[in-house]
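What follows is a short report on a single structure.
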Amino acid sequence: MARRSGFWRFLRFTLLATALATALFTLYLDFRVRSEFEGRRFALPARIYARPLELHAGLRIAQAEVVEELRGLGYREAPPEGDSGWFSRRDGQLEIALRPFVYWDGAQPAKRITVFFDWGKVTALRDAGGAELALARLEPLPIGGIYPAGNEDRVLVRLAEVPKHLVQALLAIEDRSFYTHAGFDPRAVARAVWSLTSDRPQGGSTITQQLVKNFFLTPERTLRRKFTELVMAVLLELHYDKNEILETYLNEIYFGNDRDRAIHGVGLAAQFYFGKEVRSISVAEAALLVGMVRGPGHYDPHRHPTRALERRNFVLREARDQGAITPEQYAAARAGGLGLSKKAAMGTTPYPAFLQLVHRQLRRDYDEKDLRTEGLRIFTTLDPRAQSAAESALSKRLAQFDRDKRFGQPGLEGAVVVTDPQSGEVQALVGGRDPRFRGYNRALDAARPAGSLLKPAIYLTALSEPAKYTLLTPIDDGPFVWKSRGAPDWEPANYDKKFHGMVPLRIALAQSYNAAAARLGTDLGVERVLDNVRRLGVERPLRPFASTLLGAVELSPLEVAQMYQTIASGGFRSPLRAIREVTTQEGRPLARYPLAVEQVFAPEPIYLLTAALQDVVREGTARGLEKNLPLELGVAGKTGTTDEQRDAWFAGFTGDRLGVVWIGYDDNRAARLSGAAAALPVWGEMMAALQPEPLALARPEGVELVWIDPQSGLRGGMSCAGSIEVPFAQGSAPRERAPCSGGLDSAVQAVEATMEKAKNWLERLFGR
Amino acid sequence: MRLLLVLVALLASCAVPERKPEESPTSPAAPPLVPALPPYREGVAVAGLMEGARAESAAGNLAGAAAALERALRIEPRNPRLWHELARVRFRQGQHAQAENIAARSNSWAGDDKPLRAENWRLIAESRRARGDNEGAKAALDRAASSP
Chain A
-18 MARRSGFWRF LRFTLLATAL ATALFTLYLD FRVRSEFEGR RFALPARIYA
32 RPLELHAGLR IAQAEVVEEL RGLGYREAPP EGDSGWFSRR DGQLEIALRP
82 FVYWDGAQPA KRITVFFDWG KVTALRDAGG AELALARLEP LPIGGIYPAG
132 NEDRVLVRLA EVPKHLVQAL LAIEDRSFYT HAGFDPRAVA RAVWSLTSDR
182 PQGGSTITQQ LVKNFFLTPE RTLRRKFTEL VMAVLLELHY DKNEILETYL
232 NEIYFGNDRD RAIHGVGLAA QFYFGKEVRS ISVAEAALLV GMVRGPGHYD
282 PHRHPTRALE RRNFVLREAR DQGAITPEQY AAARAGGLGL SKKAAMGTTP
332 YPAFLQLVHR QLRRDYDEKD LRTEGLRIFT TLDPRAQSAA ESALSKRLAQ
382 FDRDKRFGQP GLEGAVVVTD PQSGEVQALV GGRDPRFRGY NRALDAARPA
432 GSLLKPAIYL TALSEPAKYT LLTPIDDGPF VWKSRGAPDW EPANYDKKFH
482 GMVPLRIALA QSYNAAAARL GTDLGVERVL DNVRRLGVER PLRPFASTLL
532 GAVELSPLEV AQMYQTIASG GFRSPLRAIR EVTTQEGRPL ARYPLAVEQV
582 FAPEPIYLLT AALQDVVREG TARGLEKNLP LELGVAGKTG TTDEQRDAWF
632 AGFTGDRLGV VWIGYDDNRA ARLSGAAAAL PVWGEMMAAL QPEPLALARP
682 EGVELVWIDP QSGLRGGMSC AGSIEVPFAQ GSAPRERAPC SGGLDSAVQA
732 VEATMEKAKN WLERLFGR
Chain B
300 MRLLLVLVAL LASCAVPERK PEESPTSPAA PPLVPALPPY REGVAVAGLM
350 EGARAESAAG NLAGAAAALE RALRIEPRNP RLWHELARVR FRQGQHAQAE
400 NIAARSNSWA GDDKPLRAEN WRLIAESRRA RGDNEGAKAA LDRAASSP
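Chains as they are written, first to last, in our numbering: chain A, -18 to 749; chain B, 300 to 447.
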């Protein structure tokens, strides 16, 4: 008797304990479902945009270039379809149905504009009513994102935005009894349990179960997991209504990959596969997406178009049989092709090098986690035209070198930076020979000897003392030895292995004579010159050695761009920026990265230096640029070639673009190429493609232009053949006249003197 | 007085041969080193943005005004008026160092626009005073007075 009651007690205890455990487990699951589903917000990547193209009368851009930009944005060419997102071309005219877009400074509704072109310029803009428009913005090109784990990307949509035919087709295929079941389908569950034992996978999950599986569970298939999934599905159904569950599901489903980017949710899938908002996808397109749910890789319409088409037609048939679509809709949808968007695959980004720069600048101000999950919108300075010009000029040149056996393997590498000289905005960045490669970014991280690129700092230091140095001051390019205690003697040689005696300062820079620069730099004082290098914007430590003057300092192409930026903008330093604005996902402004300027040099010496840098292109080491660009552009720049020709550089600027090009080997072997032979042609070809504006300098008050006879370096005149106009700081020009300035000149001088005297006399007389 | 000056000049010029155009000192090999800066006239796009910036600024939205001016500067980076207006906005934002530097930038493009130069120098003076640099402010005011 005692034993019997002991058994019953044990049984009761066990049952009670099991019930309690089950209850506790259910409670725990309930807690998880509620807290996670409630608190669950999809991790949304920060979305990164290029600069928006601003169209206005006078803009130098060809119709074809605007069309290219529109295609990149996924706009379709006429026939007009829907209320936005298309364009139509006529001779000299372009009609565009702009999509709505939320900018940093507010929302811009969809609108229709017509752009008129003539001779590679925009001549006018009109709205749909024919009224003149001053300015129109094309939405900026999305150029990538900063993604959450697994590079998951999605665009959230509301259920109300999703067309009925998509939802009905989805339910017809995935879960017919969705609106009536309690989270699971008992027959399907029975089949699934059976399949577990029979070792053959079976579907049969409801939409609720699929969601639970994606949200909370690992993909292993065990009985316990199946049970947990079931309980959680029921709990989910208890707490949330069907539409909430469906909406979450629509945003969660996986639709395959764009290279390394995972496409999630119908919102992004519609954009990625059809270049459309989900609200405007057709019955056929909806069926294609629904067909992919079961096997996104298997039914990938890009890789397996036939299979995907068959699957789509199967979905259409089912939808028709279920009454989700009419037979007419079925017939029309079945007749069409896949209708995929022609936009090229982009992966997480087509511009990894530029995005690296953006990401680094963002990390100063934002948490990495916020960047990957909060759906921030980042508006950058990338100019896709400049970027593609930079990429193609570099790869073309490197391909030429590859064909020449002497350059060996691995081949030469290169990097390009393009900025706006006035604002310091970075417009393009190429980090190596493969612009799609995500990794070592030479534009930011390759520190290479700057060579002669540093020389402008020496000449700037000299020209800041107009009483001692003008562009014509003779500089000694004789053999030069620098002795300092504890260091070997420094004897810089010239590129042509010759010395050139006394040469005018501007020629010493134009021809990049080393001995002259070394002598001038040490005369001025190494520390003084290096101080100016820092003021130009180089922040890394500089060793206070004389050899640093000739570029024994390692800089990245971006640092070189910063240095030349200060020269190009007239002595005003602006930190190079890749970001303009950041907003929340909804478009609320968070931060601006404003234009900041600091005047670090007086305008006069910068003006004189720029004139000398123009001589580099007109008659110096960068003469070869003439092959690509007309002399009248007045390009200013400097070539750089380092010891044994390991590095080839060119840095220069026009009126509207500044560019730095570097070419060399990663392992630092001698490339046997000069800056003029390797980097300059890349720069020239890139700029030619961008049709740059001429360099028009604002002459400061303290600078005068004087005609000079180059032979004697004295004031020339009309009888001195070959006289040139040279800028001087006020009062520093030579007074003496060249012997060639003959009687005629002295006569003119006499007139001027008489005029001056008469004026003075009259002024005294009338007491002005 | 001007008539007299012209008269004297005419007389003086009679005494010596006139310059002949074909004897210009320019040889084909020597184009002027730097093209001269054309006088500035803004386009309608920039005029519209400038108006918008003024409205924003009047409504107290200085960040919005600055954004509109920067947008305009991307279209016309050499427009000294735009730089000047941006300097004013920075001053009102309390960014006195930026106000001073940007006003100087405006001056670098101002060419012969003497009233604008004077305005810039006055703004520089105010910015310097706001930062406690009274001597610098006085020097700037002198510059403003010398370019009326």
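Heads up, the beta-carbon is just placed ideally off N, CA and C, and yes, glycines get one too. Being a predicted model, the structure only gives us computed values, none of them experimental.
| Query | Result |
| --- | --- |
| Which runs of the beta strand (DSSP E), 3 residues or longer, sit entirely within the stretch 82 to 149 of chain A? | 82 to 84, 87 to 89, 92 to 99, 102 to 108, 117 to 119, 123 to 127 and 133 to 135 |
| Which residue's Cα is closest to the Cα of LEU453 (chain A): A:LEU686, A:ASP647, A:ARG107 and A:ALA632? | A:LEU686 |
| Based on the DSSP secondary-structure assignment, which residues constitute the bridge partners of GLY63 (chain A)? | DSSP output for GLY63 (chain A) lists no bridge partner at all. |
| Please confirm whether LEU440 (chain B) has its beta-carbon closer than 9 Å to some beta-carbon of chain A. | no |
| Give me, in chain order, the residues of the same chain whose beta-carbon lies closer than 6 Å to that of ALA364 (chain B); leave out the 5 immediate sequence neighbours on both sides. | ALA352, GLU355, SER356 and VAL388 |
| In chain B, what lies closer than 7 Å to PHE360 (chain A) by C-beta? | Neighbours of PHE360 (chain A) on chain B: none; closest Cβ ~11 Å, over 7 Å. |
| From SER537 (chain A) to ASP624 (chain A), what does the alpha carbon distance come to, in whole angstroms? | 17 Å |
| Closest to GLY63 (chain A) by C-alpha separation, out of A:ALA130, A:ILE262, A:PRO720 and A:LYS323, would be which residue? | A:ILE262 |
| Measure the CB-CB distance between GLU566 (chain A) and ARG358 (chain A) and report whether it falls below 9 Å. | The sequence as given places Gln at residue 566 (chain A); Glu does not occur at that position. Their beta carbons are under 9 Å apart, which means GLN566 (chain A) touches ARG358 (chain A) by this criterion. |
| Could you give the distance in angstroms between the alpha-carbon of ARG345 (chain A) and the alpha-carbon of VAL484 (chain A)? | 48 Å |
| Does the structure place the stretch 122 to 136 of chain A close enough to the stretch 319 to 337 of chain A that three or more beta carbon pairs sit under 8 Å? | yes |
| So, at 8 Å on beta carbons, what are the nonlocal neighbours of GLY272 (chain A) in its own chain, with the 5 sequence-adjacent residues on each side left out? | ILE154, TYR280, ALA289, ARG292, ARG293, PHE295 and VAL296 |
| Examine chain B for any beta-carbon lying closer than 9 Å to the beta-carbon of ASP86 (chain A), and answer yes or no. | yes |
| Three or more beta-carbon pairs under 8 Å between the stretch 34 to 53 of chain A and the stretch 96 to 114 of chain A, yes or no? | yes |
| In the DSSP assignment, find the alpha helix (DSSP H) that holds SER373 (chain A) and state where it starts and stops. | 365 to 384 |
| Among A:ILE644, A:ARG558, A:ARG516 and A:PRO570, which has the Cα closest to the Cα of VAL581 (chain A)? | A:ARG516 |
| Taking only beta-carbon positions, decide if PRO414 (chain B) is within less than 9 Å of chain A. | no |
| For chain B, find out if any of its Cβ atoms is closer than 9 Å to the Cβ of SER404 (chain A); answer yes or no. | yes |
| Quick one: Cα of PRO331 (chain B) to Cα of ALA677 (chain A), how far? | Because PRO331 (chain B) sits at a pLDDT of 41, beneath the cut-off of 50, its placement in the model cannot be relied upon, and the following sentence gives the value as read from the coordinates. If you take the alpha carbons of PRO331 (chain B) and ALA677 (chain A), they lie about 12 Å apart. |
| Taking DSSP as the reference, what is the three-state secondary structure of ASN238 (chain A)? | strand |
| Could you say if the stretch 569 to 579 of chain A and the stretch 449 to 468 of chain A meet the contact criterion of at least three C-beta pairs nearer than 8 Å? | no |
| Taking 8 Å as the cut-off, does the CB of GLY126 (chain A) come closer than this to any heavy atom belonging to the ligand PLP? | Among the components modelled here there is no ligand, and therefore nothing to report on the ligand PLP. |
| With DSSP as the reference, label TYR545 (chain A) as helix, strand or coil. | helix |
| Terminal residues of the continuous alpha helix (DSSP H) containing LYS619 (chain A)? | No alpha helix (DSSP H) contains LYS619 (chain A), which is instead part of the beta strand (DSSP E) from 617 to 622. |
| Using a cut-off of 9 Å between C-beta atoms, extract the partners of GLU369 (chain B) located in chain A. | SER404, ARG561, ARG573, PRO575 and LEU576 |
| Give me the residue from A:GLY502, A:GLN44, A:HIS340 and A:PRO391 with the minimum Cα distance to ILE560 (chain A). | A:HIS340 |
| Using CA atoms only, rank isn't needed, just tell me which of B:SER405, B:ALA362, B:ALA346 and B:ALA409 is closest to VAL386 (chain B). | The amino acid at residue 386 (chain B) is misidentified as Val; the sequence shows Ala. Measuring from the Cα of ALA386 (chain B), the nearest candidate turns out to be B:SER405. |
| Output needed for ARG80 (chain A): all residues of its chain with C-beta closer than 7 Å, excluding positions within five of it in sequence on either side, in chain order. | SER65, GLY66, ALA91 and GLU120 |
| Check this for me: beta carbons of LEU441 (chain A) and PRO416 (chain A), under 9 Å apart or not? | no |
| By the three-class DSSP mapping on this structure, what secondary structure does GLU607 (chain A) have? | helix |
| With a Cβ-Cβ cutoff of 9 Å, do TRP643 (chain A) and ALA657 (chain A) count as a contact? | no |
| Between ASP432 (chain B) and chain A, is any beta-carbon pair separated by less than 9 Å? | no |
| Cβ atoms of ARG421 (chain B) and ALA439 (chain B): under 9 Å apart, would you say? | yes |
| Could you give the first and the last residue of the continuous alpha helix (DSSP H) run that contains SER405 (chain B)? | 395 to 408 |
| Applying the 10 Å Cβ sphere with the 16-neighbour rule, what's the burial state of ASN419 (chain B)? | buried |
| Is DSSP giving THR400 (chain A) helix, strand or coil here? | strand |
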